[in-house]
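Chains A and B are the protein sequences, given in the same order. In this text, residue positions in the first sequence follow the working numbering: the first is 231, and each later residue adds one. In this text, residue positions in the second sequence follow the working numbering: the first is 4, and each later residue adds one. Glycine included, every Cβ here is placed at the ideal spot set by N, Cα and C. The model shown is predicted, which means the values in this text are computed figures rather than measured ones. First the structure, in the form of structure tokens, and then the observations on it.
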Amino acid sequence: MATMVKLQRKINGIKEESFNRNRVAEENRRKEHKAALLIQSWFRGCRVRAYLRHLQRKATTIQKIWRGYLGRMYFRRMVKIQKRWRAYYVRKYVHNYYALKQYLEGLIMTNEIVRRELEEFAVIKSREREKTALESGERKKDYLARKMHYLVSTEQIAGVFNSPYKLFPDEMEFRLRGAKPLSPKASRSRKHGTEGIVETSAPGTPFTLPQIEHLPPIPKKKQQGPFRDPTEVLLQRYKPLEPTLRVATSIMSVEEAREELKRKEWGSRVNDELFHHFSNANKSRRHELMLHTSSKFGHVDYGTKHFREENPEKLKGKKDFKRVFTTVQVFDKFGKMYSSAGKAV
Amino acid sequence: MRIAGLRISGENISGHFNIMNIVIARLEKRKRFYKKAAAFVLRAVAKHSPELAQAVVDCGALDALVISLEEFDPGVKEAAAWALGYIARHNGELSQAVVDAGAIPLLVLCIQEPEVALKRIAASALSDISKHSPELAQTVVDAGAIAHLSQMILNPDAKLKRQVFSALSQISKHSVDLAEMVVEAEIFPAVLTCLKDPDEYVKKNVATLIREITKHTPELSQLIVNAGGVAAVIDYIGDSRGNVRLPGIMMLGYVAAHSENLAMAVIVSKGVPQLAICLSEEPEDHIKAATAWALGQIGRHTPEHARAVAVANVLPRMLSLYMESESSEDLQVKAKKALKSILQKCTYLPGLEPLLHEAPPNILKHVVGQFSKNTGQQMPNVIVLLHVLQGS
Chain A
231 MATMVKLQRK
241 INGIKEESFN
251 RNRVAEENRR
261 KEHKAALLIQ
271 SWFRGCRVRA
281 YLRHLQRKAT
291 TIQKIWRGYL
301 GRMYFRRMVK
311 IQKRWRAYYV
321 RKYVHNYYAL
331 KQYLEGLIMT
341 NEIVRRELEE
351 FAVIKSRERE
361 KTALESGERK
371 KDYLARKMHY
381 LVSTEQIAGV
391 FNSPYKLFPD
401 EMEFRLRGAK
411 PLSPKASRSR
421 KHGTEGIVET
431 SAPGTPFTLP
441 QIEHLPPIPK
451 KKQQGPFRDP
461 TEVLLQRYKP
471 LEPTLRVATS
481 IMSVEEAREE
491 LKRKEWGSRV
501 NDELFHHFSN
511 ANKSRRHELM
521 LHTSSKFGHV
531 DYGTKHFREE
541 NPEKLKGKKD
551 FKRVFTTVQV
561 FDKFGKMYSS
571 AGKAV
Chain B
4 MRIAGLRISG
14 ENISGHFNIM
24 NIVIARLEKR
34 KRFYKKAAAF
44 VLRAVAKHSP
54 ELAQAVVDCG
64 ALDALVISLE
74 EFDPGVKEAA
84 AWALGYIARH
94 NGELSQAVVD
104 AGAIPLLVLC
114 IQEPEVALKR
124 IAASALSDIS
134 KHSPELAQTV
144 VDAGAIAHLS
154 QMILNPDAKL
164 KRQVFSALSQ
174 ISKHSVDLAE
184 MVVEAEIFPA
194 VLTCLKDPDE
204 YVKKNVATLI
214 REITKHTPEL
224 SQLIVNAGGV
234 AAVIDYIGDS
244 RGNVRLPGIM
254 MLGYVAAHSE
264 NLAMAVIVSK
274 GVPQLAICLS
284 EEPEDHIKAA
294 TAWALGQIGR
304 HTPEHARAVA
314 VANVLPRMLS
324 LYMESESSED
334 LQVKAKKALK
344 SILQKCTYLP
354 GLEPLLHEAP
364 PNILKHVVGQ
374 FSKNTGQQMP
384 NVIVLLHVLQ
394 GS
């Protein structure tokens, strides 16, 4: 009976308690549900992100490989074109074999002509010199004969030049016979040959190359109409290639220059013995430290760790000097273009 | 006039400055015979040494001489020009003093005179003035000397031609612009005819002029090659002997040094056999050195050039010149450099074979290197090589 009373008393509280317990359990359930949800969503998020990252990497790799392939393909195509152009350019403008051959053949012919003409000229000159020498010899002998006319042989006495022991008298004898004696007036007024003045009109004068006289130009009739000067047109039509410096330098110019320097240095080197650095290294000698780089506390920083004083505060807002500039290619074309577009600069 | 007799012992009077002052005093008032004699005295004193010439200048002789240059009598002008030439010959400062006295326009006027002796001496004075520095040469050119000098190239007098060519070569040796101005006076190809002159100093001075012009740029050398100058110079080298040949040899070296096309032009004009003959014939060391240098310049460009030089059998001769102890230092150095530069490019193995037998080790290693690069062509040479290596 007592227990039934106890129980009856408890019945009233049971509803409340069960309600409370339900509520608490419900709240706990919700909390736990939310927590589980959070954990699961986080974990799913991580998984998805990891998957996306993985995809991203794979996509990057594929794109990388593809772009590389594409670029290489284009590069090969470009190289083919540039190869053909460079071969053409070098063979036509830089090392034109056929032009050089033609030039050398022309040069051989010119040399032949020059040699032949010089030979002829030398022969002509020597002949002239002989002729003048002969003539002056003749004149001298005639003058001597006129001076020594008294040495002519007479019927009674044979002259000096008419030896009785010879078959024929000397040639001087004949000159003496034909010579007219000099008069004293003529000997006084005989002018000594003007050494310095060259007479170009007298016969037997030295040979000078004929001066080419240029005739006056024939006046050209100017064409009617606003035509351009034909020379300008022809210049433009047959304008030679003016490659830029970048095209004109060979692609191997740096290496070639290095090779050239090496060869020059090798060729001009007289002493072939190599300089052996540190050949005294194995000789035992204590290395003496320099006085001003060492103190009793060890090495001074200056000279090894840093070399200069630097004041970074002073250089705070300042920028470096601009050392590389782009060229202004517009000015290259000024005045050289056929149309008047280039003059717009 | 009495002093004229003293001019022979010019050196003895040098200490007596007051005599020179007396000579020059009131020169412009005197007769022309006095002026001539005075100029001879000054010349006789000034020609011996730079100090004496300086002493002459210090006495104020230059103004007196320039006054004499304005005289009408050609004899006086000749004596004055001669004295000025001798003063200017010694060094640059004295030449500058002569120029500052205003002598150059008067000398250029003297060149235009009809007397050949006066022309000769004026040309030689201009040559002496312009040889010292580019500024002096420019002053001479600015006075219009080149046109008059180039008109006298075809004059028949040999001594005049000597001085004219010497003057032109002294002017053109200093810079490219001066050389171009000399070339613009249209002396080529008329100058080449003077290479056949019977007087050897005329030929030598012509060759010097051509050498000074080709020295500067490849374009000037190209001009001379196109005019047939190389053939003329090679003939000139063949015809002359001794020191007279030297400018011609140097000219070929300078032409070949500029570019490989010009070196090929020299080879094609048959320059290499002529130079080989020079190398073997000439007794003097400095000419042999110049020839070795010229051959080195020709052969150093490409294997074709080196082959052309090797075919002429030049390499053994150069090697022997390098090895002989009696060759001068300069000759040995030049022969070695030339040999090295030709060997760098030589692929003509029969030409290299004689070198294998006699070369010292430092040359031999280059020869052997060339062989090793080219043995694909001929096997027997390897056997020769082995023999040599066993023998040495």
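- The C-beta separation of V59(B) from I90(B) comes to about 6 Å, placing the pair in contact by the 8 Å criterion.
- Residue pairing from DSSP places H536(A) in a beta bridge opposite Y532(A).
- Sequence-ordered contacts of the segment 183 to 200 of chain B with chain A read P192, A193, L195, T196, L198, K199, D200 [C-beta pairs closer than 9 Å].
- DSSP, read as helix, strand or coil, puts P357(B) in helix.
- Contacts between M267(B) and chain A, judged by CB atoms closer than 7 Å, involve L334 in chain order.
- In the three-state scheme derived from DSSP, where H, G and I count as helix and E and B as strand, N316(B) is classed as coil.
- For Q154(B), the enclosing alpha helix (DSSP H) covers residues 148 to 154.
- Closest option to A315(B), judged by alpha-carbon separation, among V228(B), A84(B), I270(B), K38(B): I270(B).
- Annotation: Y373(A) to V119(B) spans about 27 Å, alpha carbon to alpha carbon.
- Contact with chain A is absent for G274(B), since none of that chain's Cβ atoms lies less than 7 Å from the residue's Cβ.
- With a cutoff of 7 Å on beta-carbon distance, R92(B) and D131(B) are scored as near each other.
- Between the segment 172 to 189 of chain B and the segment 122 to 137 of chain B, the count of C-beta pairs closer than 8 Å reaches three or more; the two stretches touch.
- The beta carbon of D76(B) sits closer than 6 Å to the beta carbons of R35 from its chain, once the five residues preceding and following it are set aside; these are given in chain order.
- The criterion of a C-beta distance shorter than 7 Å is not satisfied by L198(B) and Y257(B).
- Three or more beta-carbon pairs separated by less than 8 Å are not found between the segment 383 to 395 of chain A and the segment 344 to 352 of chain A, which leaves the two stretches without contact.
- By the C-beta density criterion, A292(B) is buried, having at least 16 other C-beta atoms within 10 angstroms.
- Counting along the chain, the unbroken alpha helix (DSSP H) around N377(B) starts and ends at 364 to 377.
- Contact check between the segment 200 to 210 of chain B and the segment 218 to 227 of chain B: fewer than three CB pairs, one atom from each, fall below 8 Å, which does not count as touching.
- Sequence-distant partners of P394(A) (beyond 5 residues in either direction) whose C-beta falls short of 7 Å from its own C-beta, in its chain, are A388.
- Contact annotation: the segment 457 to 476 of chain A does not touch the segment 289 to 301 of chain A, with fewer than three C-beta pairs closer than 8 Å.
- In the three-state DSSP reduction, A128(B) falls in the helix class (H, G or I).
- For A388(A), no alpha helix (DSSP H) encloses it, and the DSSP letter there is neither H nor E.
- Non-local C-beta neighbours of V69(B) in its own chain, meaning closer than 7 Å and more than five positions away in sequence, comprise A104, G105, A106, L109, ordered along the chain.
- If you look at M378(A), you'll find it isn't in any alpha helix (DSSP H); DSSP assigns it neither H nor E.
- Each residue's CA atom was taken as its position, placing F398(A) and F404(A) some 10 Å apart.
- DSSP places M567(A) in no alpha helix (DSSP H); its state is neither H nor E.
- For V271(B), the nearest CB of chain A lies under 7 Å from its own CB, placing it at the interface with that chain.
- Straight through space, the alpha carbons of T557(A) and L129(B) are spaced by roughly 48 Å.
- DSSP, reduced to helix, strand and coil, places N208(B) within a helical segment of the structure shown.
- Going by DSSP, R515(A) is part of no alpha helix (DSSP H) at all; its letter is neither H nor E.
- Between the segment 343 to 360 of chain B and the segment 309 to 324 of chain B there are three or more inter-stretch CB-CB distances shorter than 8 Å, so the stretches are counted as touching.
- Just measuring C-alpha positions, the residue of T474(A), P470(A), H379(A), A487(A) sitting nearest V560(A) is T474(A).
- With contacts defined as CB atoms closer than 7 Å, H369(B) and L346(B) qualify as a contacting pair.
- Residues of the segment 339 to 355 of chain A with a Cβ closer than 9 Å to any Cβ of chain B, in chain order: T340, N341, E342, I343, V344, R345, E347, L348, E349, F351, A352, K355.
- R493(A) has its alpha-carbon roughly 13 Å from the corresponding atom of L342(B).
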